[in-house]
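Visitor: Protein chains in written order, with the numbering used here: chain A, 121 to 731; chain B, 121 to 731; chain C, 121 to 731.
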Amino acid sequence: MKRIAYGGDYNPEQWPEEVWDRDYEAFELAGIDTLTVGVFAWAHLQPAEDRYDFDVLDAVVERAAAEGRRIVLATPTGAMPPWLAHAYPNACRVDFEGRRHVYGQRHNACPSDPDFRRLSVALAGRLARRYGDNPAVVAWHVGNEYGGACWCPACGAAFHDWLRKRYGGLDRLNHAWNTTFWSHTFTDWEQVPPPNALSEHWRGPNHTAFQGITLDYRRFMSDALLGGFVAEKAAIREHVADTPVTTNFMGLYQPVDYHRWAPHLDFASWDNYPPEDPSPVRTAARMALAHGLIRGLKGGKPFWVMEQTPSTTASRDVNAVKRPGVLRLWSWQSVAHGADAVLYFQMRHSRGACEKYHGAVLDHAGRTDTRVFREVAALGAEFTRVGDAVLGARTPARVALLVDWDSWWAVEMSDGPNRNVRYVDVLAAYHRALWQANVPLDVVPVTADLGGYDVVVAPVLHMVKDDLAERVWDLVDRGGSFLATALSGRVDEDDNAFLADVPGPFAGLFGLRVDETDAQRPDVVNPVALGEVEHDARHVFEVIVPEPSTEVLGTYGADFYAGTPAVTRAARGRGSAWYVGTLLDDPGVAAVVRSVLDEHGLAGPLADVPD
Amino acid sequence: MKRIAYGGDYNPEQWPEEVWDRDYEAFELAGIDTLTVGVFAWAHLQPAEDRYDFDVLDAVVERAAAEGRRIVLATPTGAMPPWLAHAYPNACRVDFEGRRHVYGQRHNACPSDPDFRRLSVALAGRLARRYGDNPAVVAWHVGNEYGGACWCPACGAAFHDWLRKRYGGLDRLNHAWNTTFWSHTFTDWEQVPPPNALSEHWRGPNHTAFQGITLDYRRFMSDALLGGFVAEKAAIREHVADTPVTTNFMGLYQPVDYHRWAPHLDFASWDNYPPEDPSPVRTAARMALAHGLIRGLKGGKPFWVMEQTPSTTASRDVNAVKRPGVLRLWSWQSVAHGADAVLYFQMRHSRGACEKYHGAVLDHAGRTDTRVFREVAALGAEFTRVGDAVLGARTPARVALLVDWDSWWAVEMSDGPNRNVRYVDVLAAYHRALWQANVPLDVVPVTADLGGYDVVVAPVLHMVKDDLAERVWDLVDRGGSFLATALSGRVDEDDNAFLADVPGPFAGLFGLRVDETDAQRPDVVNPVALGEVEHDARHVFEVIVPEPSTEVLGTYGADFYAGTPAVTRAARGRGSAWYVGTLLDDPGVAAVVRSVLDEHGLAGPLADVPD
Amino acid sequence: MKRIAYGGDYNPEQWPEEVWDRDYEAFELAGIDTLTVGVFAWAHLQPAEDRYDFDVLDAVVERAAAEGRRIVLATPTGAMPPWLAHAYPNACRVDFEGRRHVYGQRHNACPSDPDFRRLSVALAGRLARRYGDNPAVVAWHVGNEYGGACWCPACGAAFHDWLRKRYGGLDRLNHAWNTTFWSHTFTDWEQVPPPNALSEHWRGPNHTAFQGITLDYRRFMSDALLGGFVAEKAAIREHVADTPVTTNFMGLYQPVDYHRWAPHLDFASWDNYPPEDPSPVRTAARMALAHGLIRGLKGGKPFWVMEQTPSTTASRDVNAVKRPGVLRLWSWQSVAHGADAVLYFQMRHSRGACEKYHGAVLDHAGRTDTRVFREVAALGAEFTRVGDAVLGARTPARVALLVDWDSWWAVEMSDGPNRNVRYVDVLAAYHRALWQANVPLDVVPVTADLGGYDVVVAPVLHMVKDDLAERVWDLVDRGGSFLATALSGRVDEDDNAFLADVPGPFAGLFGLRVDETDAQRPDVVNPVALGEVEHDARHVFEVIVPEPSTEVLGTYGADFYAGTPAVTRAARGRGSAWYVGTLLDDPGVAAVVRSVLDEHGLAGPLADVPD
Ligand SMILES: [Zn+2]
Ligand SMILES: [Zn+2]
Ligand SMILES: [Zn+2]
């Protein structure tokens, strides 16, 4: 049964068993071979703390196996049952506003609550013991869309432990957080509050008086959530030797540092709900970036699309249906980017609550003659025909795009220079240029081995940590090209400014220093000439003082720094270091990126095909 | 003294008694014969829990009676005194954010607090005993503008009781709320939290993870507030045999289901402060809709305009004065729609606090030569001249417009398809078409007897409950016309989707099924051709599969469903069923509505008079 | 060493001592002679409640003194250390939403907390004892940028005390607050809650049900914050006989009534960070207004610019650099307006946290060849050259602009007529007209002696209190001109409407009454003809009934009050009273203001020089 896994979330416990027959008839019509079960089944599986009940799940699993379907078995810990919250109120989170929540919604368990941890791990273990040997179970799916954050006292205490491990003592912590500023010197671990609206923050999560505190809390919270995954996975591994374990990521999701999570997953998977964008090309590029990011989590190995909607979302303000052919297009794009599975949320429309209008393979009437079902079935037939032809495929790349959650967090929580700069916007702009150049590309963390690349592109590499600067020097020395942008090289691992010329450890590499950084409202454009062509620059304008040997490729056309460098290139070793000191529009980014690729003859064969 | 009641809120306790003489001189000049007294007098009437003091109110009532004025006597329970909140902190509400309020403002007592209930009912009883026999008292006015909501523990417990009565057991509750979704199966009543920002909600009151929970809380809260009214009315009835009892509604006010309240009022009344709209015609139509709704509460019997401003409001961002003649125009519109009373808030400008700039018959200087006073007095003279000519008038109608709070709540709290759809906007659009056709119209609840109507129009009839579908079939069978719009027939009484083709119980009636529902941003227009004319459709576009016999009256002009039906008509029995699968602009709505009316020759004689 | 003090905030405790040498080399290059030290040093100075440590500050002070610098010594009480908040949680504020904060940020100590008061005063006293005799210390700088507000129980109790002093008894309080309205009669001081989101407020701090309560809380809070300053100053005075004591104000900062604070400061100082405005001329005028306000605090005596940025701010959404020459321009403007000191925040870029990108004289690399440093040094050289030529200069003025915090508060928290009216916008419009007329101007409180002025301009003099009306009559009687605008003369000291014609005590002076006040959205313009020229009026339109003798200078051009007076002049005594019943655009305001000035031949010699 080697083929692209095709199917999705299946919650037959929401319907009477007579409907199940019709479900499988439809699956047969649609070529569906893979079912994700149990995602939100906790209340069924454990109706009370001292009582488990696997009858329904047994029936679901048995039927699926009997029908020859592959099963992705989920631990249901993404949504706790009411009895748990009622018995253990501290399992509910305290929010950014400092309020303890009570029961409701999902994805909202405190990651530091010992009772929630104990009960979720116990249930994962029970499930593993019961279903671990079932050969139909091809993967384990822990929790669901981990995310959010908690600021409760238990998390505060866990944060103290995390800080103790990181810093050893308060002296190092005070130095890292630069607490001398505004008299924040901590003399007892207990004095450190979770940074939220009641302590360091003003206006919102990105507005903090102490970036170092907030940055560490983000790191801690990502680790704390990971702790839940790791603990459930360990419980599963007590009973399950080899079946791979994963959880479904959400692409470019800021609150969780997937690079820190990646080593703990057996394979990567994600839910593909691209943000609304009226441009289909930009949407396609955005999905390509996310696919690349996810594939990059496990060194380029294939990943799964764990969820996508057959038709509409429901939770957005406006939920358009996917136009005819879009489902097919996006699904094949996933496969082309390395997906070995294309799964839907959801197989059948939910009867009630907030996802009753979320797209499904089968509608409320259970029809197989809807447009949506017909498209699903046609794609299923294609997947059946293609068989195992593309499974496990990999795409070697000589170009890397660096992504760094720390830089993302740091630049967006920075006071100054410009709150309108969005890390992902700049990242996506450079990615689009690479994508449209049709060049094989890896999207990798800043810790990645850069040894195999000719070109490394690092948009808004705000933070420079560990040995990154050395590895970049090595890349350039051996003939590679490195490109970075405005707001790079600003802070160290603790978000303290380098006490040196900007861009810090890279100033020598790029052969320049940034004398000052201007910022302007979004409607202010400064034209930057690259060769004969002028491009629009916006938001941030670094005033650059180049070394004499540095080549000036583009200059500002306006303001008091008109005529000074905006884009530069420095020959270093056998390679080159490119610096773009502002945020260019798409054609401007493309022009720079194509120049870099051209140094290595890397633009792809379809680079100049119009969209 | 049979005439249109004319006057309004009169709070002479705010001024020294020597001013009262001037008040009555002015009332005489203005033809004012009716005074509403006591609305916020609790602190005066009961300065401490164990002490009542009726001296001032006695004087007010005696003077008014002596001057031959009719008195509307209010219970002052719309605003509690400070001592009450101080002694009983739980009388203050817990808000949507989960915060217990302390003393302040008005209209903010917890409807479930036993102390507030006891004290408010006791005071109502005392007032009734003291003034119930006074022949000048022509009506009782309980509380004021009931509204808002509370999420306190007492309301939570009362919600549990309400749920127990509604569902009997938790199994039925879990089924109604579809709790299997997201593991919400409740195993103890105590586990059910009031749905607010700390439990099921995200972003705001219309964004909930479980629509069923939130919907029931809305129903419960409307009933809980009603409980206060009913209890006060009962206390009044212990001493007052016949004088009618009412409370002042607020027109199209979403938080309170006036249809559930209506049976408990002896007559309906409301406060006419139409929302700002730069178009005078739209404003007039909006008031006509609200008048119709209020008249519909008591089967078409006359109602009272309990408040309107003589000139400006104060609480809005921008408070324009009423242009010359507008007061007269709106007041006569009220009478034309069935008002037997036209009352103002307020007779004299308040000296301080938040309504000191709210319009008044008499300004701070007490002048009778202001423009406002002159207009008030001129209208008073007209009312005097008209005498009892229009009192008790009724307007038989063969057309009904259905309004349903449940549908209003459900469609606006729905996740998907489009948050930009506003129930009242669609309702008002269809109402405007009927109003401009100059057809006598009843605005009635979905529980109304449809037996007397030829045409029933049901915009966004999202929820279909009880025997409504049968009654609609009956209407059509006997030759009537029924019209519904996009987003109708979607959910049952519990907000669960019908497990059937859309529009559920009406699919057969309309002779079609909705295959899918597209949604687009407000700037996206799809032209819909009706006959020779194209109209703009927006927001929601249902892709309709008609039965062969169904007449297609309009088709989409754009997108992948171009050429498919947008507006249909099915002949059924001796009548017809019309379906509009999108939201049309005003001319489009008018075209459809006029076609329906024309089937019955119902457009009014002034239908084609320009505005 | 008599010269304009030049320098700024210097926090060398954030760097190792070897950097200090380079600091002083740079100061020498830049002509910097004044250093503000200790502003946020509490954690250093008192690392635990029972332990003080002056070693670092000793070194800083000794070095500065040895280098011949003037020292501004700050008490560090603008930011409490963590140990304090941890030991005394009530030192943290309760915010407008009713939430007790925990440790974080700065400027957030409860002004009513006895422990914070005790500890801050003790530290101020210790500092004074230790450094009070040092001749290098030329000024004391208490706290930092006092502001914000607290709504905690301690503040609530202090509010009760403040109210008892103000009103004596509850009867007077109830009368002042007009509590009869909405049943708010307080019968016990304890019943009065701090007015915030949990009590009287809706939507925000300017939306209150009881203006009187909120207004008094603003006054109380300004006084409560002042209490902290006064107590620290007293502690300093125990050890320091003559060195002047100040604190740094923030210009037109609404929460604190600087007029109530002024008597307690030995000289006035402020931080000049003008609000973003794309127009350099408007920005210059805005700074001129603030300079004038600050100079007016101490009867026209010179003041200090305690902070300005050498280049960029950091806390705004978009932080532009100061264009070349702007630093020089603004600094000399300060001096021209009476500043005897021009100081920067900050001397060296902070290493980390929220001000690491805030402009500094020295950047993170410590360079002296940046554009910013060069401009700082050039200005320093100019200041050195000018020596003591301008020190202590005063500018006699015959024109006064009235500013009144009470009116500012009252008009912006008013329900009606128009929330889009901003006190400072109107104030600044009239100020710009005077500034562009190049007339020497005093910006003074409404309590100022008006005896020396020929022209007094009072935009939005909403509240009229004490003997102001008499003093204005005197001004006009002896030949002066008085000008007021729409929304003047509306309320008394308690924010109760005058029970008289509008504009209350001024109706006779202006020879008119306002019959009604219309308000319109910002896009509605009513043209007002002044002579031959039409000007745009917006927002508020008072419909004026003039006395026969009143001269009508401008009339409305549109709406139902077209042709009625918008601008009037009444001859009174030997002078004149001008009234502008609407909000005119800049040319309209200029036309009126120039007419008034022309009566006294007061337009300056450069009045008609283009910007
Ligand atoms: Zn937690
Ligand atoms: Zn309650
Ligand atoms: Zn406080």
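Glycine included, every Cβ here is placed at the ideal spot set by N, Cα and C.
1) Can you tell me where the beta strand (DSSP E) holding B:H327 begins and where it ends?
2) Please list, in chain order, the chain C residues whose beta carbon lies closer than 9 Å to that of A:F330.
3) Identify the contact partners of A:M200 in chain B, using a Cβ-Cβ distance below 9 Å as the criterion.
4) What residue ranges within the stretch 163-217 of chain A form continuous alpha helix (DSSP H) runs of no fewer than 4 residues, ordered along the chain?
5) Where A:I356 and A:L385 are concerned, what is the direct C-alpha to C-alpha distance, given to the nearest angstrom?
6) For A:P375, which of A:G677, A:T334, A:H655 and A:A408 has the nearest alpha-carbon?
7) Out of curiosity, what's the CA-to-CA distance linking B:C212 and C:Y477?
8) Return helix, strand or coil for A:H379, following the three-state DSSP convention.
9) Roughly how far, in whole angstroms, is the beta-carbon of A:V70 from the beta-carbon of A:G609, given that I think they are within contact range, below 8 Å?
10) Do you know whose CA, among C:A161, C:E145 and C:V634, lies nearest A:T300's CA?
11) To which residues of the same chain is B:P668 closer than 6 Å at the C-beta, ignoring the five residues directly before and after it?
12) Which one or two residues does DSSP pair with B:T702 in a beta bridge?
13) Using 8 Å as the cut-off, can you tell me whether the stretch 642-655 of chain A makes contact with the stretch 329-346 of chain A, which would need three or more C-beta pairs spanning the two stretches below that distance?
14) On the three-state DSSP scale, how would you describe B:M467?
15) Please say whether A:A146 and A:V192 have beta carbons closer to each other than 7 Å?
16) Which residues, in chain order, does the stretch 518-546 of chain C contribute to contact with chain B at a C-beta distance below 8 Å?
17) Who are the near neighbours of B:P201 in its chain, counting only those whose CB is closer than 8 Å to its CB and skipping five residues on each side?
18) How should C:L726 be labelled, buried or exposed, when 16 other C-beta atoms within 10 angstroms of its C-beta is the threshold for buried?
19) Taking the C-alpha atoms as reference points, what is the distance between C:V441 and C:A434?
20) Could you confirm whether any beta carbon from chain A is found closer than 7 Å to the beta carbon of C:W424?
21) Which residues mark the beginning and the end of the alpha helix (DSSP H) in which B:P364 is found?
22) Note down the Cα distance separating A:T363 from A:V492, rounded to an integer number of angstroms.
23) Give me the Cβ distance between A:V575 and A:R487, rounded to the nearest whole Å; I'm assuming they're in contact under 8 Å.
24) Verify the contact flag: C:C212, CB atom, against every heavy atom of ligand 3, threshold strictly below 6 Å.
25) Quickly, what does DSSP pair A:V611 with across the bridge? List them, please.
26) Given a limit of 9 Å on CB to CB distance, which residues of the stretch 666-694 of chain C reach chain E?
27) Can you give me the start and stop residues for the alpha helix (DSSP H) that C:L413 sits inside?
28) Can you grab the Cα-Cα spacing for the pair A:T197 / A:H221, in whole Å?
29) Taking all protein chains shown into account, do 16 or more other C-beta atoms lie within 10 angstroms of the C-beta of C:S399, making it buried, or fewer, making it exposed?
30) Mind checking A:P255: buried by the 16 CB within 10 Å criterion, or exposed?
31) For a contact meaning CB atoms closer than 8 Å, what does A:F306 contact in chain C?
32) Using only CA atoms, which one of C:T432, C:A485 and C:W424 lies nearest to C:L456?
33) Say whether the stretch 545-563 of chain B touches the stretch 412-420 of chain B, bearing in mind that this needs 3 or more beta-carbon pairs closer than 8 Å, one atom from each stretch.
34) Considering only residues of the same chain and omitting the five flanking positions on each side of B:L318, which have a CB-CB separation below 6 Å?
Guide: Reading from the atomic positions:
1) On the second sequence, position 207 is the one that residue 327 of chain B refers to. Secondary structure note for B:H327: it is in no beta strand (DSSP E), with a DSSP letter that is neither H nor E.
2) For the purposes of this step, residue 330 of chain A is identified with residue 210 of the first sequence, where counting begins at 1. When 9 Å is used as the limit between beta carbons, A:F330 is near these residues of chain C: G224, Q225, G472, A473 and C474, in chain order.
3) Sequence index remark: in the first sequence, residue 200 of chain A carries index 80 (1-based). The contacting residues are S303.
4) List check, alpha helix (DSSP H) in window: 175-186 and 202-207.
5) Mapped onto the first sequence, residue 356 of chain A falls at position 236. Mapped onto the first sequence, residue 385 of chain A falls at position 265. A:I356 and A:L385: Cα-Cα distance of roughly 13 Å.
6) Taking the first residue of the first sequence as position 1, residue 375 of chain A is located at position 255. When only C-alpha atoms are compared, the closest one is A:T334.
7) On the second sequence, residue 212 of chain B is found 92 positions in, with the first residue counted as 1. On the third sequence, residue 477 of chain C is found 357 positions in, with the first residue counted as 1. Cα to Cα, B:C212 sits roughly 46 Å from C:Y477.
8) In the first sequence, the residue the question calls residue 379 of chain A occupies position 259. Shown here, A:H379 sits in a helix according to DSSP, grouped into three states.
9) Outside the modelled stretch of chain A, which goes from 121 to 731, sits residue 70 of chain A, for which no answer is possible.
10) Counting from one through the first sequence, the residue named residue 300 of chain A turns up at place 180. Of the candidates C:A161, C:E145 and C:V634, C:A161 places its Cα closest to the Cα of A:T300.
11) By one-based count along the second sequence, residue 668 of chain B stands at place 548. Excluding sequence positions up to five before and after B:P668, its CB lies less than 6 Å from no other CB in the same chain.
12) Working through the second sequence from its first residue, we reach residue 702 of chain B at position 582. For B:T702, which the question treats as bridged, DSSP gives the partners B:F661.
13) Because the criterion of three Cβ pairs below 8 Å is not met, the stretch 642-655 of chain A and the stretch 329-346 of chain A do not touch.
14) As a first step, residue 467 of chain B must be located in the second sequence, where it is residue number 347. The answer is coil: DSSP assigns B:M467 none of H, G, I, E or B.
15) To locate residue 192 of chain A, count along the first sequence from 1; it is residue 72. To locate residue 146 of chain A, count along the first sequence from 1; it is residue 26. Not closer than 7 Å, so no.
16) When C-beta distances to chain B are compared with 8 Å, the residues of the stretch 518-546 of chain C below that value are S534, D535, G536, P537, N538, R539 and N540, in chain order.
17) By 1-based counting over the second sequence, the position of residue 201 of chain B is 81. If we look at B:P201 and ignore the five residues flanking it on each side, its Cβ neighbours are W162, A163, Q166 and P167.
18) One-based indexing of the third sequence puts residue 726 of chain C at position 606. C:L726 is exposed by the Cβ-count criterion.
19) Residue numbering aside, residue 441 of chain C sits at position 321 when the third sequence is read from its first letter. Residue numbering aside, residue 434 of chain C sits at position 314 when the third sequence is read from its first letter. Roughly 10 Å between the two C-alpha positions.
20) As a first step, residue 424 of chain C must be located in the third sequence, where it is residue number 304. So no, C:W424 is outside the interface.
21) The residue you call residue 364 of chain B lines up with position 244 of the second sequence. That residue, B:P364, is in no alpha helix (DSSP H); it is neither H nor E in DSSP.
22) Taking the first sequence and counting its residues from 1, the one referred to as residue 363 of chain A is at position 243. Taking the first sequence and counting its residues from 1, the one referred to as residue 492 of chain A is at position 372. Straight-line Cα distance between these residues: approximately 33 Å.
23) For the purposes of this step, residue 575 of chain A is identified with residue 455 of the first sequence, where counting begins at 1. For the purposes of this step, residue 487 of chain A is identified with residue 367 of the first sequence, where counting begins at 1. Not confirmed; about 50 Å, so no contact.
24) Reading the third sequence from its first residue, position 92 is the one you call residue 212 of chain C. No, ligand 3 has no heavy atom inside 6 Å of this Cβ.
25) Here residue 611 of chain A refers to the residue found at position 491 of the first sequence. Looking at the DSSP output, A:V611 sits in a beta bridge with A:M583 and A:A617.
26) The structure shown contains no chain E; the protein chains it does contain are A, B and C.
27) Walking along the third sequence from the start, residue 413 of chain C turns up at place 293. For C:L413, the enclosing alpha helix (DSSP H) covers residues P400 to L417.
28) Position 77 of the first sequence, counted from the first residue, corresponds to residue 197 of chain A. Position 101 of the first sequence, counted from the first residue, corresponds to residue 221 of chain A. Roughly 18 Å separates the two Cα atoms.
29) Counting from 1 along the third sequence, the entry for residue 399 of chain C is found at position 279. Classification for C:S399: exposed.
30) Residue numbering aside, residue 255 of chain A sits at position 135 when the first sequence is read from its first letter. An exposed status is given to A:P255, since fewer than 16 other beta-carbon atoms sit within 10 Å of its beta-carbon.
31) What you label residue 306 of chain A is simply residue 186 of the first sequence in a count that begins at 1. Result: P202.
32) As a working note, residue 456 of chain C is residue 336 in the third sequence. For the sequence presented, residue 456 of chain C should be read as Ala rather than Leu. Nearest C-alpha to C:A456: C:W424.
33) A contact exists between the stretch 545-563 of chain B and the stretch 412-420 of chain B.
34) Mapped onto the second sequence, residue 318 of chain B falls at position 198. Around B:L318: G218.
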